[in-house]
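Only one structure is covered here, and it is reproduced in the block below.
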Amino acid sequence: MTGIGRRNSNNMALFSGVDWWTVLLYIALTLIGFVAVFSASYVEDSENFWSFSHEYVKHIFWLGISYTAGLVILLLDRSVWHKWAYIICAITLFIVLLTFTPLGKTVNGARAWLGLGGFTLQPMELAKVGISLAVARVMSVYGFSVQRANDLVKVMAIMAVPMGIAVLQNDTGSGLVFCSFLFMLFREGLNYWICIPLIFLVALLILSFLLTPGVLLIALILIFTFCAAMLMKGCWKACINYIVSLFLFSTLLFVILVVAMGRDLSYYDCLLFTTAVSLLVVAVYAYRANIRSIYLLILFFFVSIICLPTSDMVFRHLKPHQQNRIRTFLGQVDDKDLLYNVNQSKIAIGSGGFSGKGFLQGSQIRYGLVPEKHTDFIFCTIGEEFGFLGALVLFSCFAMLILRLMRMGDRQLETFGRVYCYCVASILFFHCCINIGMTMGIVPVMGIPLPFISYGGSSLLGFSILVFIAIALDASPTKHQSTLRKW
Amino acid sequence: MNNPRNDKYRHQILRIIVYLVFGFFALTAGYLQLIEGNSYFDKAENNYIRYIITYPPRGEVFDRNGEYLIQNKVVYDLMVIPREAPRKGIDTVRLASITNEPMKRLKRSLNEARRSWRTASPVVKYLSAESKLKMDEWNLPGFYTVPRTVRQYPRKIGGNLLGSLAEVKQDFLAKYNEDGYYSIRDYIGEQGIESAYEKELRGEKGRIRRNRYADHSTDEVEKEPVAGKNLISSIDARLQAFAEELMKGKIGSVVAIEPATGEILVMASSPTFDPNELVISRERGNNYMRLLNEPRRPLFNRAVTSPQPPGSTFKLLNGLIGLQEGVLKPHYKYSCNKGYRAGNIKMGCHEHRSPLDLDFAIATSCNAYFCNVYRNILENKKYESPKQGYEAWRNYVEQFGFGVKLGTDIPGERRGTLMHREYYDKLYHRSWNALTVLSVSIGQGEILATTLQLANFAAIIANRGHYYTPHIIKQIEGQDSIDIKYRTPHYTSIDRKHFETIIKGMWRGVNRDGTCQLAKLPGLDVCGKTGTAQNPLGDDHSTFISFAPRNNPKIAIAVYVEHGVWGATAAVPIASLIEEMYLTDTITRPWLIEHVKNLNLDYSIYDRHRKKK
Chain C
-17 MTGIGRRNSN NMALFSGVDW WTVLLYIALT LIGFVAVFSA SYVEDSENFW
33 SFSHEYVKHI FWLGISYTAG LVILLLDRSV WHKWAYIICA ITLFIVLLTF
83 TPLGKTVNGA RAWLGLGGFT LQPMELAKVG ISLAVARVMS VYGFSVQRAN
133 DLVKVMAIMA VPMGIAVLQN DTGSGLVFCS FLFMLFREGL NYWICIPLIF
183 LVALLILSFL LTPGVLLIAL ILIFTFCAAM LMKGCWKACI NYIVSLFLFS
233 TLLFVILVVA MGRDLSYYDC LLFTTAVSLL VVAVYAYRAN IRSIYLLILF
283 FFVSIICLPT SDMVFRHLKP HQQNRIRTFL GQVDDKDLLY NVNQSKIAIG
333 SGGFSGKGFL QGSQIRYGLV PEKHTDFIFC TIGEEFGFLG ALVLFSCFAM
383 LILRLMRMGD RQLETFGRVY CYCVASILFF HCCINIGMTM GIVPVMGIPL
433 PFISYGGSSL LGFSILVFIA IALDASPTKH QSTLRKW
Chain L
217 MNNPRNDKYR HQILRIIVYL VFGFFALTAG YLQLIEGNSY FDKAENNYIR
267 YIITYPPRGE VFDRNGEYLI QNKVVYDLMV IPREAPRKGI DTVRLASITN
317 EPMKRLKRSL NEARRSWRTA SPVVKYLSAE SKLKMDEWNL PGFYTVPRTV
367 RQYPRKIGGN LLGSLAEVKQ DFLAKYNEDG YYSIRDYIGE QGIESAYEKE
417 LRGEKGRIRR NRYADHSTDE VEKEPVAGKN LISSIDARLQ AFAEELMKGK
467 IGSVVAIEPA TGEILVMASS PTFDPNELVI SRERGNNYMR LLNEPRRPLF
517 NRAVTSPQPP GSTFKLLNGL IGLQEGVLKP HYKYSCNKGY RAGNIKMGCH
567 EHRSPLDLDF AIATSCNAYF CNVYRNILEN KKYESPKQGY EAWRNYVEQF
617 GFGVKLGTDI PGERRGTLMH REYYDKLYHR SWNALTVLSV SIGQGEILAT
667 TLQLANFAAI IANRGHYYTP HIIKQIEGQD SIDIKYRTPH YTSIDRKHFE
717 TIIKGMWRGV NRDGTCQLAK LPGLDVCGKT GTAQNPLGDD HSTFISFAPR
767 NNPKIAIAVY VEHGVWGATA AVPIASLIEE MYLTDTITRP WLIEHVKNLN
817 LDYSIYDRHR KKK
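Sequences listed follow chains C and L, in order. Mapping the first sequence onto the numbering used here, position 13 (from 1) lands on -5, and the numbers just tick up by one. So the numbering used here is basically just the index in the second sequence, starting at one, shifted up by 216.
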């Protein structure tokens, strides 16, 4: 193809167009990761420093493999990814499915591992590459538009496959990663009216655990009335009338039904009923007054009112450990082990102070008080031993890498490259959010690793391939040719 | 919108989201590490640091001749930290056999320990050194032994004088732990010397900082324990033992003081108990309850806690005051016809020759004579009314330590009874005179004194007018001298020559023709005064104060035997024997010991009290 031809004709072109900032950030993060893994897995009086049973030695091995893979990707023809996207996706998904064969291994209750000789592999990390490529390929088809339901369903279908497998593997955390594609879809022009309600419903779901239904209902009424007032450009008087009459009517209903007739109902029931009826009235009024914009709001309100009692139902269908994790995060039950983990993790990070306790000096890490210290809770090592400064460095590296990937996406001429870069950015962003948030106790505990930092060969290799394909696509001659063509 | 590539707006939003999320992370990390950092640092330390309290040996107490009164003995408490112990399968059978603890109790204490998961709780207390060695050999994780010093009392004397050690209880901590020194299960002195000199004896606890994940070689000694100070008591152990032996079967107390220094030589309270019974052990609680409930109250140190009427011994004081006030001269004679009569008042007396002078009145303990003296003191022309005379009299009495606390170092001291003028004013609606309070002249009625106060009174007479606050500890290790308050003489405002007059009478009472000739010791010039205090509950109380020798006295003593019939029956021989023992180291009258031991006194009043309960 043209790529090979160009490369042959220009010896400078071996790494031409490579975004060295991204490579630099990648190397910086992997080195930080090595330091953290070393600190978390170093055993003071081990007989053999280089013994392969140490995690840090294995990590060096995986670092080597990852760097090699990155190099190979840069050397490969850069059009290969577009061409073979579906094939790669199929292969990786096939490997994922192998976990259900006798080759599969169960670790921590999740059947998400493959045992290959002495190694264990988590194929879902590699599937991220395949799915990203496939999604990018689908979306780069001529005439594709995320605003069209038919096209959106195609993307959703591709995302649904690994999510379904992950749920079957009992490894929901890895499946949820694909939800992060919402980030990419928004970039690609997903309708606001899908994004905002989705976010709103999630918020409602979380709030419904925290607040009593009554408080939530009153909050909803106030919020929606406020929104309506904004939409109708200042019908404040009407809105206040609406709220006052709503409460008057529900009180009246309450007095009649409960006090006079002795029915066993709470004030909440009365308010819910009155609100539902009032929505009909408002709808009729809006139709008469020809205020279209308020319809969607009413629908929205209606859905969220229905959502109030159903969120509890949904919750009950979750598995006990998932329920526990969410509840613990919301501070409701004290599942001692979970609370203990998060608590120890927070102690580790907090005790680091401004500049940390120093390399290999963290007591929480040293004495094994933090669970999963070299994998999911690796951030504790950095927080404890390098303190606030270390955390800031890590945050900025991640933020810069993600922003860099987004920028690389933005400057692509082809949809395929742009979508792919945004897919990578989304996945990295999601992993960072969940993992760092969970160690600091602001997100429920989910077993997903911190990219490039956590110990784990498959995740390191998977993320490296993800990033290097993005770099390769960014460096691909199509971009340069297109830019040239502009002249 | 249709061409996403040109939609700057959207990728700006996403970019802002990324900034916001990482900004929020930075803020959260800042909150955890900078604002809450110190508290998390402490929590992290608590996770791996264990503080081990090291106990210093408690100070020991010696008697004045260097003999042990209170001696240390080391026992071990077996502690467990459940978090560090193997979760399953502690070999309880082996544990029980090593510690000699019944299986049931062992399991119960293990279960109780599990309630506080991170803190050390005792499993078995008071292990012997042998069991401790076996536990060390076993090296069971989570279990360790803590050495504790408990007490032993080689002489087995002075149960209610020396006090004992007890474990600090939760309610004690809530109420009294002002300086925060004590924590639960520490040992603390209870009663007696142990309690009075707690601060000196206990020393200072030390603290070791131990990393529970490293071996013990990394221990950091934060604070070395400071050993408690040894004390030298003024008690003469041999004499104390002798006094307790003599007092056996009687209720009462003996106090002997060295007049020149105020050091207490003997303070025996009867009934008493073997202090070894209250040594911290598994039986201490039961023993303590038994002693507490005994009707004769052996836990009481009667020498300081039980004020009684001083009886005729008090006549000496009235004589001194009369002489000082000038209303009495040694040659004044009063007649006594089997008692004293004035108006409706009649005060009986025993048979003796009459009229008699002061000398003989003291020796023979004449009631009538001292009624006259007392009346003259109160009705002195110097004062407008007997009420003011009473106030003047009371002032003298107080100088002798009656009706006030002497300020001795023995805890639980009572002040006795000495009424103020206002008391009588209120009681008799201001119409009272010398005759109303006449019984005080012979030490009965509204006057009560502890044996310590009586012994101190004897010491004042022996010193001819001054005393040192009686005290039981004469030296504290590492201190040049004891508290200044024990080294300052207290003077009475009575002239020395009047003391000589009174002492002459006391000498005569013992050595010529008085009530206490049993106390006579050849060549020692014993002086003394008996007392027989009437009481409505049973036989009269027998009391005797004495000092010897007459010149340059070495010992002043007061003996009080409740329901001991006559002063000469019980108190005199006991005092005399102790004096002889102290001054000459020998007993020349074994028959007197037999007499004292075989005294059959009637204490049915105490047993009746028990039945009532």
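We put the beta carbon where it would ideally sit given N, CA and C, even for glycine. Keep in mind that this is a model prediction, so the values were computed, not measured.
With fewer than 16 other Cβ atoms from the protein chains shown falling within 10 Å of its own Cβ, Q695(L) counts as exposed. Counting along the chain, the unbroken beta strand (DSSP E) around K690(L) starts and ends at 689 to 692. For D293(L), DSSP records a beta bridge to V362(L). Taking a Cβ-Cβ threshold of 8 Å, none of the residues of chain L is close to M145(C); the smallest such distance is about 22 Å. Proximity of A10(C) to chain L, defined by a Cβ-Cβ separation below 8 Å, is not satisfied.
Counting along the chain, C743(L) sits inside the beta strand (DSSP E) bounded by residues 743 to 749. Leaving aside the five residues that flank G681(L) on each side, the residues in its chain whose CB is nearer than 8 Å to its CB run, in chain order, Y707, T708, I710, D711, R712, F715.
Ranked by Cα distance from H779(L), the first of Q733(L), G527(L), E383(L) is G527(L). In the DSSP annotation of this structure, the continuous segment of the alpha helix (DSSP H) that includes M388(C) starts and ends at 360 to 392. For R364(L), the number of other beta carbons within 10 angstroms of its own is at least 16, and it is reported as buried.
With a 10 Å radius around the Cβ and a threshold of 16 neighbouring Cβ atoms, S581(L) comes out buried.
In the three-state scheme derived from DSSP, where H, G and I count as helix and E and B as strand, W333(L) is classed as coil. Within chain C, the residues G332 have their CB atoms less than 7 Å from the CB of E252(L), given in chain order. Taking 8 Å as the threshold, the shortest C-beta distance from R231(L) to chain C falls below it. Under the three-state reduction of DSSP output, I69(C) falls in the helix class.
The way I'd put it, the segment 202 to 209 of chain C does touch the segment 223 to 235 of chain C; three or more beta-carbon pairs between them come closer than 8 Å. Among the residues of the segment 332 to 350 of chain C, those with a Cβ less than 7 Å away from any Cβ of chain L are G332, S333, G334, G335, F336, S345, Q346, Y349, in the order of the chain. Among the CB atoms of chain L, none fall inside 8 Å of the CB of K355(C). Among the residues facing chain L, M243(C) is not included, as its CB has no counterpart in that chain under 8 Å away. With respect to the 8 Å criterion, Y644(L) and T633(L) are not classified as neighbours on the basis of their beta carbons. In the three-state DSSP reduction, L664(L) falls in the strand class (E or B). Contact between M463(L) and I790(L) holds, since their C-beta atoms are separated by about 7 Å, short of 8 Å. R169(C) belongs to the set of residues whose beta carbon lies under 8 Å from a beta carbon in chain L.
Partner residues in a beta bridge of T257(C), as assigned by DSSP, do not exist. Secondary structure remark: continuous alpha helix (DSSP H) runs of at least 4 residues inside the segment 496 to 546 of chain L, in chain order: 500 to 509, 518 to 521, 531 to 541.
Taking 8 Å as the threshold, the shortest C-beta distance from L248(L) to chain C falls below it.
Here N288(L) is bridged, per DSSP, to R367(L). E607(L) is positioned such that its CB atom lies closer than 8 Å to that of R637(L). Within the model, the alpha-carbon separation for Y322(C) versus K301(C) is close to 20 Å. In the structure shown, the three-state DSSP call for P602(L) is helix. Not flagged as an interface residue toward chain L: L98(C), since no C-beta distance is shorter than 8 Å.
Contact check for R426(L) against D435(L) passes: the beta carbons are separated by less than 8 Å. DSSP places A430(L) outside any beta strand (DSSP E), giving it a letter other than H or E. Rounded to whole angstroms, the Cβ separation of N596(L) and V543(L) is 6 Å, and the two are in contact under 8 Å. Under a 10 Å Cβ-count criterion, L539(L) is classified as buried, with 16 or more other Cβ atoms of the shown protein chains found around its own Cβ. In this structure, the alpha-carbon of W95(C) lies about 7 Å from that of V89(C).
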